[in-house]
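Going line by line, the protein sequences match chains A and B.
For the first sequence, position 82 (counting from the first letter as 1) is numbered 82 according to our numbering, and the numbering increases by one without interruption.
For the second sequence, position 262 (counting from the first letter as 1) is numbered 262 according to our numbering, and the numbering increases by one without interruption.
Ideal Cβ placement from N, Cα and C applies to all residues, glycine included.
Every value quoted in this text rests on a predicted model; they were computed, and no experiment measured them.
Just below is one structure, and these are the notes that go with it.
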Amino acid sequence: MLNFLDSHTLPLIFAGLMGISILAYVILDGYDLGVGMLMASADRPERDKMVATIGPFWDANETWLVLGIGLLLVAFPSAHGMVLTALYLPVALMLLGLTMRGVAFEFRVKAQQQYHRWWDWAFIGGSLLASLTQGYMLGHYLMGFQDTLSAQAFALMAGMGLAAAYTFVGATWLIAKTDGDLQRRAVWWAKVTLVLTALGMIAVSVATPLVSPRIFERWFSLPNMIGLAPIPLMTGALLLATWVFLQRMPRADHSLDYVPFMGAVSLFVLGFLGLAYSFYPYIVPEKLTIWQAASAPESLFIILMGAMVVLPCIAGYTAFSYYVFRGKATELRYD
Amino acid sequence: MDPIVLARIQFGANISFHILFPTITIALGWVLLFFKVRFNATRNEAWMNAYRFWVKIFALSFALGVVSGITMSFQFGTNWPGFMQSVGNIAGPLLAYEVLTAFFLEATFLGIMLFGFRKVPNWVHTLATFLVAFGTTMSAFWIIVLNSWMHTPAGHELRDGVAFATDWWAIIFNPSMPYRLIHMLIASGLTCAFLIAGLSAWRWLRTDRGPDVMAALRTGVAIGAVLIPIQIVVGDMHGLNTLKHQPAKVAAMEGNWETRSNVPLVLFALPDQTTRENRFEIAIPNGASLILKHDPAGVIPGLNDFVAADGTRLHPPVAPVFFAFRIMVGIGMLMLVVSWFAGWTLWRKGTLNRPLAYTLVAMTFAGWIATLSGWYVTEIGRQPWLVTGVLTTAQAASKVTAGMIGTTLAMYLATYAVLIAAYISVLFHLANKGLQVVATPSGAGVMKQGAGYHPAGALAKDV
Numbered sequence: 001m002l003n004f005l006d007s008h009t010l011p012l013i014f015a016g017l018m019g020i021s022i023l024a025y026v027i028l029d030g031y032d033l034g035v036g037m038l039m040a041s042a043d044r045p046e047r048d049k050m051v052a053t054i055g056p057f058w059d060a061n062e063t064w065l066v067l068g069i070g071l072l073l074v075a076f077p078s079a080h081g082m083v084l085t086a087l088y089l090p091v092a093l094m095l096l097g098l099t100m101r102g103v104a105f106e107f108r109v110k111a112q113q114q115y116h117r118w119w120d121w122a123f124i125g126g127s128l129l130a131s132l133t134q135g136y137m138l139g140h141y142l143m144g145f146q147d148t149l150s151a152q153a154f155a156l157m158a159g160m161g162l163a164a165a166y167t168f169v170g171a172t173w174l175i176a177k178t179d180g181d182l183q184r185r186a187v188w189w190a191k192v193t194l195v196l197t198a199l200g201m202i203a204v205s206v207a208t209p210l211v212s213p214r215i216f217e218r219w220f221s222l223p224n225m226i227g228l229a230p231i232p233l234m235t236g237a238l239l240l241a242t243w244v245f246l247q248r249m250p251r252a253d254h255s256l257d258y259v260p261f262m263g264a265v266s267l268f269v270l271g272f273l274g275l276a277y278s279f280y281p282y283i284v285p286e287k288l289t290i291w292q293a294a295s296a297p298e299s300l301f302i303i304l305m306g307a308m309v310v311l312p313c314i315a316g317y318t319a320f321s322y323y324v325f326r327g328k329a330t331e332l333r334y335d
Numbered sequence: 001m002d003p004i005v006l007a008r009i010q011f012g013a014n015i016s017f018h019i020l021f022p023t024i025t026i027a028l029g030w031v032l033l034f035f036k037v038r039f040n041a042t043r044n045e046a047w048m049n050a051y052r053f054w055v056k057i058f059a060l061s062f063a064l065g066v067v068s069g070i071t072m073s074f075q076f077g078t079n080w081p082g083f084m085q086s087v088g089n090i091a092g093p094l095l096a097y098e099v100l101t102a103f104f105l106e107a108t109f110l111g112i113m114l115f116g117f118r119k120v121p122n123w124v125h126t127l128a129t130f131l132v133a134f135g136t137t138m139s140a141f142w143i144i145v146l147n148s149w150m151h152t153p154a155g156h157e158l159r160d161g162v163a164f165a166t167d168w169w170a171i172i173f174n175p176s177m178p179y180r181l182i183h184m185l186i187a188s189g190l191t192c193a194f195l196i197a198g199l200s201a202w203r204w205l206r207t208d209r210g211p212d213v214m215a216a217l218r219t220g221v222a223i224g225a226v227l228i229p230i231q232i233v234v235g236d237m238h239g240l241n242t243l244k245h246q247p248a249k250v251a252a253m254e255g256n257w258e259t260r261s262n263v264p265l266v267l268f269a270l271p272d273q274t275t276r277e278n279r280f281e282i283a284i285p286n287g288a289s290l291i292l293k294h295d296p297a298g299v300i301p302g303l304n305d306f307v308a309a310d311g312t313r314l315h316p317p318v319a320p321v322f323f324a325f326r327i328m329v330g331i332g333m334l335m336l337v338v339s340w341f342a343g344w345t346l347w348r349k350g351t352l353n354r355p356l357a358y359t360l361v362a363m364t365f366a367g368w369i370a371t372l373s374g375w376y377v378t379e380i381g382r383q384p385w386l387v388t389g390v391l392t393t394a395q396a397a398s399k400v401t402a403g404m405i406g407t408t409l410a411m412y413l414a415t416y417a418v419l420i421a422a423y424i425s426v427l428f429h430l431a432n433k434g435l436q437v438v439a440t441p442s443g444a445g446v447m448k449q450g451a452g453y454h455p456a457g458a459l460a461k462d463v
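Given below as structure tokens:
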């Protein structure tokens, strides 16, 4: 074994890989769950167009969740057991949501005509349930799985915040992938959800250090405070810039239609960096560090070797898929 | 109720629901590739129409497999936290390789396979179909490696109750893996063959008898007729392998209580675990000894050898293993008769007759029952162990309360019941529509005319 890949470095690398997977999941499945929730305020032809923007991608998007949870499982088995046991009920509800949403992709067009609407609502409800529970779990995790009333209220707020953020990235995805009336509506959705997302981010940012003295210490002691200032400052600037840009949309020239989506993705990245900094080096807040939870270095090494070979391939063919389905989405058809 | 029992029912329900769909898609991917390659070679629209019909069923089955698979990846942790803590060093890399080499591949190229026909060159579309089929098979490979290792662990050492890998080659090619993998892949082939034959026979009965329907029907029957004798031989070899490594499981399958020679082949009985004997036994003398030892006087281990001095049962519960095994074998025999008779009829007459068509329709989901029974034999047959000789199921269970497991179990069961009902009804709904109406995922059915499309009834005259 290469000697720099020791029992100190490997867990760090795997925490990084897991973080990237979860970030990829939140952005990628985030936009398709967001589109699913936005379908609530669209009619059937619009819904068809909205599904067409995510149809070729959702399955691979969801695979990032399997990879993220898989890495938690394989690299940090004791944390996996602790986290999933604590989140038993919301996990079950999230799985119900993802199941209904996933199968509704197929059933909403393949089932008998009279059931199409039911499956549309399974799609919408499933997307909403999955988003709310994911946010709730994030909040519950941030609170170190406390069961106090304020911790529960915080988790519920985080649930709504994440659902708002998903609808925001979903709306910006629709701006990129649609045109005409639907794009105009997507711009309106993006404006509304941007405000909700901003409120959610502020609420979580204010509440987290208040409940955790350790996180307060990390952010508000000198010189950390100065070094970290760019994260909230850039987030604020980005929110503002995206807001201003949205005022000028839709544009006759479609070349900049991806800009709001890029803005939303950058927001997710910044939010993620902030959270990651708050928690490092813990994998279960205040209970278990990444080194305490890690598997044997031999096993991590063999996974890393595979990942080094395969991840570039995955990136390559994912890019190819986005290239094939580039531009405005067209009607989904098998022929 | 005991939380461990509830956790097992919940995990068993989920994994049973899940396997229904990969069992179809693993083989159906290759059948679709076959249809596509035949079309590329002959330019006969019948093959492409067969592809267009079956790719819809593939997409639907795949979606159900994905969502139930995601549920499973979470239930490893929620239901069996002790599993990863004890054998995570082995199971982890195997699962990681499954995600990395199979899941992303199939999920990404599925988009191109389903919706990319007009967006990429034909050869890229064929390649995408191949990569999806390859991905589903790779996924089967890795998960069977892990499952087989749980039955016949090898290539590891235990330190303080935690398994550490010593030889990855031995872990991957553990003693039961080749048998289990081939047995499962053929099971998938048979499930898919009878699904194709059954739905095609249904369309035939509705006088939807275009060349695409007949091509699919012949393909399904041919695959079934070729694979079933191979499966019987492979199943026998798998049984001999199990006898060597997990004798208690075989003893339960055979309903054999005492270690002895000249063991009869029990056709039917009610195994009674409290009195430790079979009631109402109907058996063929020396049969089990002949099958398992190829000698009428062969000695077969009995269940009573697997009871600890204090009376603790170290063998699996007998009745479920015993009955599941008979259901699997019975369906296998039925598959042999039906597929050969259907093959012979199609070969001699070129078409079906109504009784035969109804028989094929009745057997549409026969593969599901056989596959589930087979998995119950092998998984219940491993109990009380989760990993043979390393970890018991009870040791791996979580501390979640029975009430919580029971509530979510009810939710899962209700969901699965709705989804299976919807799946089966939509399959027949699609068969009823045939290609007359092409359902596009982005909208309601679109009536198609002209270019490449023929109402199925007219197809016979045109092509």
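Buried versus exposed call for residue i [16 or more other C-beta atoms within 10 Å across all chains shown]
i         : result
Thr-440/B : In this prediction, Thr-440/B scores a pLDDT of 43, lower than 50, which makes its location untrustworthy; no coordinate-derived value is stated.
Gln-113/A : exposed
Cys-192/B : buried
Arg-248/A : exposed
Leu-240/A : exposed
Trp-188/A : exposed
Arg-214/A : exposed
Leu-33/A  : buried
Tyr-51/B  : buried
Ile-302/A : buried
Residue i - DSSP class collapsed to helix/strand/coil
i         : result
Ala-229/A : coil
Phe-268/B : strand
Thr-136/B : helix
Pro-285/B : coil
Asn-256/B : coil
Tyr-280/A : coil
Val-299/B : coil
Glu-45/B  : helix
Gly-327/A : coil
Leu-222/A : coil
Leu-332/A : coil
Phe-280/B : strand
Short Cβ contact (8 Å threshold) for residue i with residue j
i         : j         : result
Val-400/B : Thr-78/B  : yes
Asn-14/B  : Thr-71/B  : yes
Val-266/B : Ala-283/B : yes
Ala-96/B  : Ser-139/B : no
Leu-372/B : Leu-292/B : no
Leu-430/B : Ile-4/B   : no
Leu-336/B : Ile-424/B : no
Ala-467/B : Phe-83/B  : The displayed coordinates of chain B run from 1 to 463. Any statement about residue 467/B would go beyond what the structure contains.
Reference residue i; option with closest CA among the options
i         : options                                   : result
Leu-128/A : Leu-96/A, Gln-113/A, Gln-152/A, His-140/A : Leu-96/A
Phe-134/B : Leu-185/B, Gln-75/B, Asn-14/B             : Leu-185/B
Phe-141/B : Val-120/B, Ala-154/B, Ile-182/B           : Ile-182/B
Leu-190/B : Asp-310/B, Trp-47/B, Trp-30/B, Glu-45/B   : Trp-30/B
Gly-239/B : Leu-314/B, His-294/B, Val-132/B, Ile-9/B  : His-294/B
Gly-111/B : Thr-129/B, Ala-215/B, Val-99/B            : Thr-129/B
Leu-196/A : Leu-142/A, Leu-256/A, Tyr-166/A           : Tyr-166/A
Asp-272/B : Pro-264/B, Asn-262/B, Val-318/B           : Val-318/B
Ala-7/B   : Asp-310/B, Pro-153/B, Gly-406/B, Gln-85/B : Gly-406/B
Asp-253/A : Met-225/A, Met-262/A, Ile-175/A           : Ile-175/A
Arg-326/A : Ser-41/A, Val-51/A, Lys-177/A, Arg-251/A  : Lys-177/A
Leu-105/B : Asn-61/A, Leu-89/A, Tyr-282/A, Val-51/A   : Asn-61/A
Residue i Cβ short of 7 Å to the ligand GTP heavy atom set
i         : result
Pro-285/A : Of ligands this structure carries none, so the ligand GTP is not represented either.
Along the region 98 to 111 of chain B, where does the CB come closer than 9 Å to a CB of chain A? Name the residues. Glu-98, Val-99, Leu-100, Thr-101, Phe-103, Phe-104, Leu-105, Glu-106, Ala-107, Thr-108, Phe-109, Leu-110, Gly-111
Output needed in chain order: residues of the region 79 to 92 of chain B with a Cβ under 8 Å from some Cβ in chain A. Pro-81, Gly-82, Met-84, Gln-85, Gly-88, Asn-89, Ile-90, Ala-91, Gly-92
Along the region 112 to 124 of chain A, what residues have a CB closer than 9 Å to any CB found in chain B? Gln-112, Gln-113, Tyr-115, His-116, Trp-119
Residues from the region 387 to 402 of chain B in contact with chain A, defined by Cβ distance under 8 Å: Ser-398, Lys-399, Val-400
In chain order, what residues of the region 155 to 166 of chain B put their CB closer than 7 Å to some CB of chain A? Phe-164, Ala-165
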